[in-house]
Amino acid sequence: GENVEQHPSTLSVQEGDSAVIKCTYSDSASNYFPWYKQELGKRPQLIIDIRSNVGEKKDQRIAVTLNKTAKHFSLHITETQPEDSAVYFCAASIKLGKLIFGQGTTLQVKP
Amino acid sequence: ETGVTQSPTHLIKTRGQQVTLRCSSQSGHNTVSWYQQALGQGPQFIFQYYREEENGRGNFPPRFSGLQFPNYSSELNVNALELDDSALYLCASSSIAGETQYFGPGTRLLVL
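Rendered as structure tokens:
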């Protein structure tokens, strides 16, 4: 069945360093890949998304890359700040808006 | 913050009871999806409603059911509650089935 694997489960970086989170999806028909940030006790917030016809997308300090052949996509955060600390979820969608989420990565940015 | 709202924010029920959760979609959105998020896990897709009809369902039993109203708000109903139903229930709205989804704040359900 459809599955999304996310790594690492926890990530600790120093302020100013870069952070990379990787996801692998199982269904090659997946065509939409959003990333959500969820702070403790709050709703998941969309931070960036990419569609299967694009290999890379960037928004200020955040970028996502997609490798359809290998069926994996990654989130890159540069110049990390303490307010980037949160749980990050990747997701993949084949159709009908059914998002399959990864298990989440807890990012801690140390001042 | 998105314009998606949910009620109630918290709920405590006992096993066997029934619960109804509500979601108001963002203005201009006609699609609502429901997810269950267990503690420490990613959200799991329950089902989606588009123009008042169910438009896809995840691996949840029939005791999870839903409705969408003409104003595109939605309800999630869970019958015969089990302890494992304790979770954060999130709804997400989008403008077209399959497009970007924006989440509400969730309803935290505790089943005792």
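Residue numbers (my numbering), protein chains in the order written: chain W, 3 to 113; chain L, 23 to 134. We treat Cβ as the ideally placed atom computed from N, Cα and C, and that holds for glycine.
Counting C-beta pairs with one atom in each stretch, the region 56-69 of chain L and the region 108-115 of chain L have three or more that are closer than 8 angstroms, which means they touch.
Annotation: L:L105 to L:P30 spans about 19 angstroms, alpha carbon to alpha carbon.
Among the CB atoms of chain L, one or more fall inside 8 angstroms of the CB of W:F91. Contact annotation: the region 45-53 of chain W does not touch the region 8-27 of chain W, with fewer than three C-beta pairs closer than 8 angstroms. Flagged as an interface residue toward chain L: W:R45, by a C-beta distance shorter than 8 angstroms. Assignment of W:E58 by DSSP, reduced to helix, strand and coil, places it in the strand class. Rounded to the nearest angstrom, the Cβ distance from W:G99 to W:F91 is 16 angstroms, too far for a contact under 8 angstroms. For W:Q110, the closest Cβ of chain L is not nearer than 8 angstroms.
Burial is judged here by how many other beta carbons sit within 10 angstroms of a residue's own beta carbon; W:R45 has at least 16 and is buried. Taking 8 angstroms as the upper bound for CB-CB distance, L:G126 and L:V26 are in contact here, some 4 angstroms apart. Below 8 angstroms, too few C-beta pairs join the region 19-38 of chain W and the region 34-51 of chain L to call them touching: fewer than three. Scanning chain L for C-beta atoms nearer than 7 angstroms to the C-beta of W:L48 yields T122 and Y124, reported in chain order.
Contact note: L:S116 reaches chain W through G99, using a C-beta cutoff of 7 angstroms and chain order. Rounded to the nearest angstrom, the gap between the Cα atoms of W:F75 and L:P92 is 38 angstroms.
DSSP places W:D51 in the strand class (E or B) of the three-state scheme.
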